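*Asks:*
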Amino acid sequence: MDKITNVVEMKKITKIFPGVIANEDVDFNLRKGEIHVLLGENGAGKTTLMNVLYGLYKQESGEIFINGKLAEMRSPSEAIANGIGMVHQHFMLVQNFTVAENIVLGDEPKKGLKVDYKKAREKVQELADRYDFKINADDIIEEMTVGQQQKVEILKALYRKAEILILDEPTAVLTPQEIDELAVILRNLTDEGKSIILITHKLKEIMIMSDRVTIIRRGKSVGTVETLDTDIDKLAELMVGRKVNLVVSKEAHESKGTILKVQGVEAVDMRGVQILKGISFDVKRGEIFGLAGVDGNGQTELVEVLTGLRKATKGKVLLDELELTKMKTSEIIEKGVSHIPEDRHKRGLILDFSLYENTILGQHKKDKFSKGQVMKYPEIRKYTRDLIKDFDIRTPNELISAGSLSGGNQQKLIAGREISKNPDLLIAAQPTRGLDVGAIEYIHKRLIDERNRDKAVLLVSLELDEVLALSDRIGVIYDGKILGIMDAKDATERKLGVLMAGGSFEDMEKEEGLYDYEDAPLNIKSGNDSNHENEITTEAAKETKTSIKENISKEDVETENIRKQDVSGKQDTNSVNDTSGIKDEGEV
Ligand SMILES: Nc1ncnc2c1ncn2[C@@H]1O[C@H](COP(=O)(O)OP(=O)(O)OP(=O)(O)O)[C@@H](O)[C@H]1O
Ligand SMILES: [Mg+2]
Numbered sequence: 001m002d003k004i005t006n007v008v009e010m011k012k013i014t015k016i017f018p019g020v021i022a023n024e025d026v027d028f029n030l031r032k033g034e035i036h037v038l039l040g041e042n043g044a045g046k047t048t049l050m051n052v053l054y055g056l057y058k059q060e061s062g063e064i065f066i067n068g069k070l071a072e073m074r075s076p077s078e079a080i081a082n083g084i085g086m087v088h089q090h091f092m093l094v095q096n097f098t099v100a101e102n103i104v105l106g107d108e109p110k111k112g113l114k115v116d117y118k119k120a121r122e123k124v125q126e127l128a129d130r131y132d133f134k135i136n137a138d139d140i141i142e143e144m145t146v147g148q149q150q151k152v153e154i155l156k157a158l159y160r161k162a163e164i165l166i167l168d169e170p171t172a173v174l175t176p177q178e179i180d181e182l183a184v185i186l187r188n189l190t191d192e193g194k195s196i197i198l199i200t201h202k203l204k205e206i207m208i209m210s211d212r213v214t215i216i217r218r219g220k221s222v223g224t225v226e227t228l229d230t231d232i233d234k235l236a237e238l239m240v241g242r243k244v245n246l247v248v249s250k251e252a253h254e255s256k257g258t259i260l261k262v263q264g265v266e267a268v269d270m271r272g273v274q275i276l277k278g279i280s281f282d283v284k285r286g287e288i289f290g291l292a293g294v295d296g297n298g299q300t301e302l303v304e305v306l307t308g309l310r311k312a313t314k315g316k317v318l319l320d321e322l323e324l325t326k327m328k329t330s331e332i333i334e335k336g337v338s339h340i341p342e343d344r345h346k347r348g349l350i351l352d353f354s355l356y357e358n359t360i361l362g363q364h365k366k367d368k369f370s371k372g373q374v375m376k377y378p379e380i381r382k383y384t385r386d387l388i389k390d391f392d393i394r395t396p397n398e399l400i401s402a403g404s405l406s407g408g409n410q411q412k413l414i415a416g417r418e419i420s421k422n423p424d425l426l427i428a429a430q431p432t433r434g435l436d437v438g439a440i441e442y443i444h445k446r447l448i449d450e451r452n453r454d455k456a457v458l459l460v461s462l463e464l465d466e467v468l469a470l471s472d473r474i475g476v477i478y479d480g481k482i483l484g485i486m487d488a489k490d491a492t493e494r495k496l497g498v499l500m501a502g503g504s505f506e507d508m509e510k511e512e513g514l515y516d517y518e519d520a521p522l523n524i525k526s527g528n529d530s531n532h533e534n535e536i537t538t539e540a541a542k543e544t545k546t547s548i549k550e551n552i553s554k555e556d557v558e559t560e561n562i563r564k565q566d567v568s569g570k571q572d573t574n575s576v577n578d579t580s581g582i583k584d585e586g587e588v
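Positions 1 to 588 (the numbering used here) are the ones given, in order, by the sequence shown.
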């Protein structure tokens, strides 16, 4: 009988935490060679289910079968012995170790009693090259981009001979290009017969990358669908249980005077290498200024300078007339600047502290929360309960530790805390990282509300869709410099993409030239039939043109349509050659 092989069968899995049924009678099957997405709201129980499969948590009830055989996963090593590998939502690499050291950790090749690092390096490099990971076994983790670190995590699982790979939100922190690379890697792996479970909130990606999708809602499985039989709107509705407005609605709003001036800021990174090379721009009251760019071009360091976490080596930052560059972080906060940090574990939360303690971090001295040395706990807890309600943070109560919230709910807690401080300037770095579509909808709305109340928002995001949908003006950062600032109504994904790659508008116009070839083949042919050289060039141009069109059309058209429908009061001119709204940022 021709039967589809299930490499994993999870039957009626129930996992309970104090006050929460994280998984309730969940059934889940993984077929050999498929990419199967687990989809669900923040706190739905996806990570928990996978932690059960990986032997990190013991289920209260239910059974797991691997290749048809009942398996007990009492620890990750038993899961690994069953051919399961997991890349976690928050990476678990030793930062000052090399790639090879991290990968072989706990499973080192030995020469007698000693670890054979030469062999380890060779094996790791061979594996990396085999999957075309473009990674050097000797590189130190802390000097690598997040995308590269993730490849190291995948390699680590492959080194342990994983046949079943669990990836928990692998794309939340990746750039679009890295996501494309990952998609290729995953397909190569399934072509080899490996099977992949992918957790992601990005619906577009699900449609492109996956074979099937299982939806989990509030701890229960809602069902499994074939990707080909569904679409983005249906998936959103299945996971949230209601229709989600995937489109940002934003009325025109006039800005009022400048609040933040960044003037020729320079700074060096951890290794003393210059990373900011003269950054200048300003942010107005009543506007969302979006900073777009590929990760690693200075965004992180710029935000650190603005929030007093890093010293500028040159230049100034002014908040109204106050010089922020001379202040400590605590003083900057006091002056009305809030910050949603990009790394929620490093800067955003103290994981061992309760939710209510985390809620008042940085503002515990306010009269509202304390009197002298005495904390006003009833008020603090009430404030936290309100925050939990407003931002729909899924938790049994305000007493649990921040570390036991799901990843997305940790993010909601930080975003909620910072927005609720009622800042004059909100610096929002990757504010919706790891959030489900419903939560993104809400945070977007709150950011727009801030701007409508004449507060200023500096949005730093790797998500172009987000920058385009929310911003009033957009600056592009590349190699520590601002390459251009444009009015959002003049911006398109393509224009930004060119600048983000370090290109200029002249480059883009050259590329545009290909489009003007539309009628060229006919003209050339009728003019001179024997002109093969010309014909070939034209054919080549046609091909390039088609591929460029194919590449940009889907995404661009989609985003553009959404924006056109939605940014009411704003006519999208959208002519690619129209660069009138763009000005180069002059030296200060
Ligand atoms: N170690 C823990 N201790 C207590 N509660 C936990 C723990 N881990 C998870 N939970 C709770 O279990 C529920 C499911 O969390 P889980 O992390 O599985 O969600 P998720 O679907 O992965 O969400 P996200 O998309 O935000 O990552 C949440 O209510 C969470 O607070
Ligand atoms: Mg999770």
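Each residue gets a CB set at the ideal place from its N, CA and C atoms; glycine is no exception. Note that the structure is a prediction, hence the values are computed from the model and not measured.
(1) Using only the alpha-carbon positions, how far apart do Thr230 and Ala429 sit?
(2) Taking Cβ to Cβ, would you say Val225 is nearer than 9 Å to Ile215?
(3) State the Cα-Cα distance for the pair Thr98 and Lys111, rounded to the nearest angstrom.
(4) When the Cα atoms are used, what is the spatial distance from Thr5 to Val26?
(5) Grouping DSSP H, G and I as helix and E and B as strand, with all else coil, what is Met73?
(6) Pick helix, strand or coil for Thr559, following the three-state DSSP scheme.
(7) Can you grab the Cα-Cα spacing for the pair Glu558 / Glu493, in whole Å?
(8) Could you give the residue range of the alpha helix (DSSP H) that holds Ile185?
(9) Judging by CA-CA distance, which residue of Thr325, Tyr442, Thr14 is the nearest neighbour of Glu63?
(10) Under 7 Å, CB to any heavy atom of ligand 2. Which residues pass, going along the chain?
(11) Sorted by chain position, which residues of the same chain lie with C-beta nearer than 8 Å to Lys376's C-beta, five sequence neighbours on each side aside?
(12) Output yes or no for whether 9 Å exceeds the beta carbon distance between Gln411 and Leu435.
(13) What span of residues does the beta strand (DSSP E) with Arg31 cover, start to end?
(14) If you check the beta carbons only, do Glu9 and Phe65 fall under 9 Å apart?
(15) From this set, Leu158, Val247, Met86, which residue's C-alpha is nearest Val104's C-alpha?
(16) Using CA coordinates, which residue listed in Leu260, Val87, Gly193 is at the minimum distance from Val146?
(17) State the start and end residues of the unbroken alpha helix (DSSP H) segment that holds His444.
(18) Just list the alpha helix (DSSP H) runs in the stretch 361-439, keeping only unbroken ones of 4 residues or longer that don't cross its boundaries, in chain order.
(19) I'd like to confirm something about Val20: is its beta-carbon nearer than 8 Å to some heavy atom of ligand 1, or not?
(20) Taking only runs that begin and end inside the stretch 250-331, name each unbroken beta strand (DSSP E) of 3 or more residues, in chain order.
(21) Could you pull out every residue in the same chain whose Cβ sits closer than 6 Å to the Cβ of Phe597, ignoring the five residues on either side in sequence?
(22) Helix, strand or coil for Arg242, going by three-state DSSP, please let me know.
(23) Could you tell me if the beta carbon of Asp436 falls within a distance shorter than 8 Å of some heavy atom in ligand 1?
(24) Pick from Gly480, Ile185, Lys489: whose alpha carbon is nearest that of Ile474?
(25) If Gln89 and Gly407 are in contact, beta carbons under 8 Å, what's the gap, nearest whole angstrom?
(26) Answer yes or no: do Leu447 and Leu319 have a C-beta to C-beta separation smaller than 9 Å?
(27) Quick one: measure Cβ to Cβ for Ile279 and Val303, integer angstroms, because I've assumed they're closer than 8 Å.
(28) Restricting to Cα atoms, I'd like to know which of Asp472, Val124, Thr48, Met209 is closest to Asn452.
(29) Using the C-alpha atoms, what's the distance from Leu189 back to Ala183?
(30) I'd like the list of long-range same chain contacts for Ala469, defined as Cβ closer than 6 Å, with 5 residues on each side in sequence excluded.
(31) Can you give me the Cβ contacts of Gly264 inside the same chain, cut-off strictly under 8 Å, excluding the 5 residues immediately before and after it?
(32) Could you tell me whether the stretch 392-399 touches the stretch 66-78, using the rule of 3 or more Cβ pairs below 8 Å?
(33) Between Leu49 and ligand 1, is there a pair consisting of the residue's CB and a ligand heavy atom that are separated by less than 8 Å?
(34) Using only alpha-carbon positions, find the residue among Leu198, Gly68, Ile419, Thr47 that is nearest to Gly336.
(35) How would you label Lys250, buried or exposed, when you count the other beta carbons within 10 angstroms and need 16 or more for buried?
(36) Cα-Cα, which of Thr325, Leu324, Leu306 is closest to Ile340?
*Replies:* Once the coordinates are examined:
(1) As a position in the sequence shown, residue 230 is number 230, starting the count at 1. As a position in the sequence shown, residue 429 is number 429, starting the count at 1. One C-alpha to the other measures close to 32 Å.
(2) Your numbering for residue 225 matches position 225 in the sequence shown. Your numbering for residue 215 matches position 215 in the sequence shown. In contact: Val225 and Ile215 (Cβ atoms closer than 9 Å).
(3) Numbered from its first residue, the sequence shown carries residue 98 at position 98. Numbered from its first residue, the sequence shown carries residue 111 at position 111. Looking at the two C-alpha atoms, the distance is approximately 20 Å.
(4) In the sequence shown, counting from the first residue as 1, residue 5 sits at position 5. In the sequence shown, counting from the first residue as 1, residue 26 sits at position 26. Looking at the two C-alpha atoms, the distance is approximately 19 Å.
(5) Start at 1 with the first residue of the sequence shown, and residue 73 comes out as number 73. In this structure, Met73 counts as coil in the three-state DSSP scheme.
(6) By one-based count along the sequence shown, residue 559 stands at place 559. Residue placement at Thr559 is flagged as unreliable, the pLDDT there being 34, under the threshold of 50; a coordinate-derived value is accordingly withheld.
(7) On the sequence shown, residue 558 is found 558 positions in, with the first residue counted as 1. On the sequence shown, residue 493 is found 493 positions in, with the first residue counted as 1. The predicted position of Glu558 is uncertain, since its pLDDT is 35 and thus under 50; a value taken from the coordinates is nonetheless stated next. Roughly 10 Å between the two C-alpha positions.
(8) As a first step, residue 185 is located in the sequence shown; it is residue number 185 there, counting from the start. Counting along the chain, the alpha helix (DSSP H) containing Ile185 begins and ends at 176-191.
(9) Here residue 63 refers to the residue found at position 63 when the sequence shown is read from its first residue. Of the listed residues, the one whose Cα sits closest to Glu63 is Thr14.
(10) Lys46, Thr47, Gln89, Asp168, Glu169, Ile199, Ser406, Gly407, Gly408
(11) By 1-based counting over the sequence shown, the position of residue 376 is 376. Within the same chain, Lys376 has close Cβ partners Lys368, Phe369, Ser370.
(12) Position 411 of the sequence shown, counting from 1, holds the residue named residue 411. Position 435 of the sequence shown, counting from 1, holds the residue named residue 435. Closer than 9 Å, so yes.
(13) What you label residue 31 is simply residue 31 of the sequence shown in a count that begins at 1. Arg31 -> beta strand (DSSP E) spans 20-31.
(14) By 1-based counting over the sequence shown, the position of residue 9 is 9. By 1-based counting over the sequence shown, the position of residue 65 is 65. In contact: Glu9 and Phe65 (Cβ atoms closer than 9 Å).
(15) On the sequence shown, residue 104 is found 104 positions in, with the first residue counted as 1. Considering only alpha carbons, the answer is Leu158.
(16) Stepping through the sequence shown from its first residue, residue 146 is reached at position 146. The option with the nearest alpha carbon to Val146 is Val87.
(17) As a position in the sequence shown, residue 444 is number 444, starting the count at 1. Counting along the chain, the alpha helix (DSSP H) containing His444 begins and ends at 437-452.
(18) 377-390, 407-420
(19) The residue given as residue 20 occupies position 20 in the sequence shown. Yes, ligand 1 has a heavy atom inside 8 Å of this Cβ.
(20) 256-268, 274-285, 288-292, 314-319
(21) The requested residue 597 does not occur in the structure, where the chain is confined to residues 1 to 588.
(22) Working through the sequence shown from its first residue, we reach residue 242 at position 242. Here Arg242 sits in coil by DSSP.
(23) Position 436 of the sequence shown, counting from 1, holds the residue named residue 436. Correct: Asp436 has its Cβ closer than 8 Å to ligand 1.
(24) On the sequence shown, position 474 is the one that residue 474 refers to. Of the listed residues, the one whose Cα sits closest to Ile474 is Lys489.
(25) Against the sequence shown, residue 89 aligns to sequence position 89. Against the sequence shown, residue 407 aligns to sequence position 407. Their Cβ separation, rounded to whole angstroms, is 5 Å, which keeps Gln89 and Gly407 in contact under 8 Å.
(26) Within the sequence shown, residue 447 is the residue found at index 447, counting from 1. Within the sequence shown, residue 319 is the residue found at index 319, counting from 1. No, the pair does not count as a contact, with Cβ atoms beyond the cut-off.
(27) Counted from its first residue, the sequence shown places residue 279 at position 279. Counted from its first residue, the sequence shown places residue 303 at position 303. With a Cβ gap of about 11 Å, Ile279 and Val303 do not count as contacting.
(28) As a first step, residue 452 must be located in the sequence shown, where it is residue number 452. Of the candidates Asp472, Val124, Thr48, Met209, the one whose C-alpha sits nearest the C-alpha of Asn452 is Asp472.
(29) Residue 183 sits at position 183 when you count from the first residue of the sequence shown. Residue 189 sits at position 189 when you count from the first residue of the sequence shown. The straight-line gap from Cα to Cα measures roughly 10 Å.
(30) Within the sequence shown, residue 469 is the residue found at index 469, counting from 1. Here the set comprises Val248.
(31) Start at 1 with the first residue of the sequence shown, and residue 264 comes out as number 264. If we look at Gly264 and ignore the five residues flanking it on each side, its Cβ neighbours are Gly278, Ile279, Ser280, Lys314, Gly315, Lys316, Glu587, Val588.
(32) no
(33) If you number the sequence shown from 1, residue 49 lands on position 49. True, at least one ligand heavy atom lies under 8 Å from that Cβ.
(34) Position 336 of the sequence shown, counted from the first residue, corresponds to residue 336. The candidate whose alpha carbon is nearest that of Gly336 is Ile419.
(35) On the sequence shown, position 250 is the one that residue 250 refers to. By the neighbour-count rule (16 or more Cβ atoms within 10 Å), Lys250 is buried.
(36) The count along the sequence shown starts at 1 and reaches residue 340 at position 340. Nearest option by C-alpha distance: Leu306.
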